[in-house]
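J.: Residue numbers (the working numbering): 477 to 687. Think of the CB as a built atom: it goes at the ideal place given N, C-alpha and C, for glycine as much as any other residue.
What follows is the structure, encoded as structure tokens:
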């Protein structure tokens with residue numbers, strides 16, 4: 477009687493490495509955000525060319541040292557965010573003695589730094605408004621509040637996203653692939669938000685000293 481050999485197609489088939497749909501979706505969405513902020517930069521330079529005296533006068537009332545400090549706070553949050561990603565890659569959700577902080581602690585700190593930055597922006601807005609520089613005063617104030625305001629909304633969205641990821645990490649028993657992908661996705665977004673602010677900071681606060 478012949479021997480029947482059972483073949484398992486699943487065991488012999490090559491393993492398919494599917495693309496990270498979360499990362500791809502985040503990158504595609506960020507591509508559309510790049511176009512959005514590119515439009516804001518274009519508006520800024522167009523209006524600056526049309527009304528240079530308004531932009532010069534508007535720049536004179538800005539608190540540059542304060543803006544530098546606020547920028548450093550936001551940039552430092554990118555560092556803490558990346559440390560959170562590195563913890564996620566190790567599968568470390570929480571602080572472990574001898575291994576340092578986990579993703580949760582680093583993301584908490586990133587959210588706090590982002591909130592401090594937002595508080596700084598609110599204080600700057602309140603100061604400008606108290607001096608009569610409101611949204612509809614002229615071309616400069618319109619583009620200033622519009623560009624920094626939209627960026628502020630993106631920062632707020634990132635802070636909320638940090639807490640969503642943190643809540644998911646509390647809800648699971650260990651760091652899985654899904655949680656790691658979520659941690660990576662928010663890091664892409666947060667780094668993008670920081671890069672956009674560095675561009676805005678250069679154009680709004682520093683460029684007038686150069687040009």
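Spatial neighbours of residue 775 within its chain, please: C-beta separation below 6 Å, excluding the five flanking residues on both sides.
T.: As shown, the chain starts at 477 and ends at 687. That puts residue 775 outside it, with no answer to give.
J.: Going by the beta-carbon positions, is the gap between residue 549 and residue 589 smaller than 8 Å?
T.: yes
J.: Reducing DSSP to helix, strand and coil, say where residue 568 ends up.
T.: coil
J.: Quick test of the definition: if touching needs 3 or more C-beta pairs under 8 Å, does the stretch 667-675 touch the stretch 622-635?
T.: Touching, yes, given that three or more Cβ pairs across the two stretches are closer than 8 Å.
J.: Tell me which same chain residues have a C-beta within less than 7 Å of the C-beta of residue 639, skipping the five on either side of it?
T.: 587
J.: Please work out which residues of its chain come closer than 7 Å, Cβ to Cβ, to residue 591, disregarding the five sequence neighbours upstream and downstream, and give them in chain order.
T.: Within the same chain, and ignoring the five residues on either side of residue 591 in sequence, the residues whose Cβ sits closer than 7 Å to its Cβ are 635.
J.: Reducing DSSP to helix, strand and coil, say where residue 576 ends up.
T.: strand
J.: Could you tell me whether the stretch 603-622 touches the stretch 647-657, where touching means 3 or more Cβ pairs closer than 8 Å?
T.: no
J.: With burial defined as no fewer than 16 other Cβ atoms inside 10 Å of the residue's Cβ, what is the status of residue 501: buried or exposed?
T.: exposed
J.: Under 8 Å, do residue 517 and residue 679 count as touching if we go by C-beta distance?
T.: yes
J.: Judging by CA-CA distance, which residue of 644, 650, 593, 571 is the nearest neighbour of residue 542?
T.: 593
J.: What is the DSSP secondary structure of residue 560, counted as helix, strand or coil?
T.: helix
J.: Rounding to the nearest angstrom, what Cα-Cα distance links residue 514 and residue 503 in this structure?
T.: So the alpha carbons of these two residues sit roughly 16 Å apart.
J.: Verify whether the separation of the beta carbon atoms of residue 570 and residue 576 is less than 8 Å.
T.: No, the pair does not count as a contact, with Cβ atoms beyond the cut-off.
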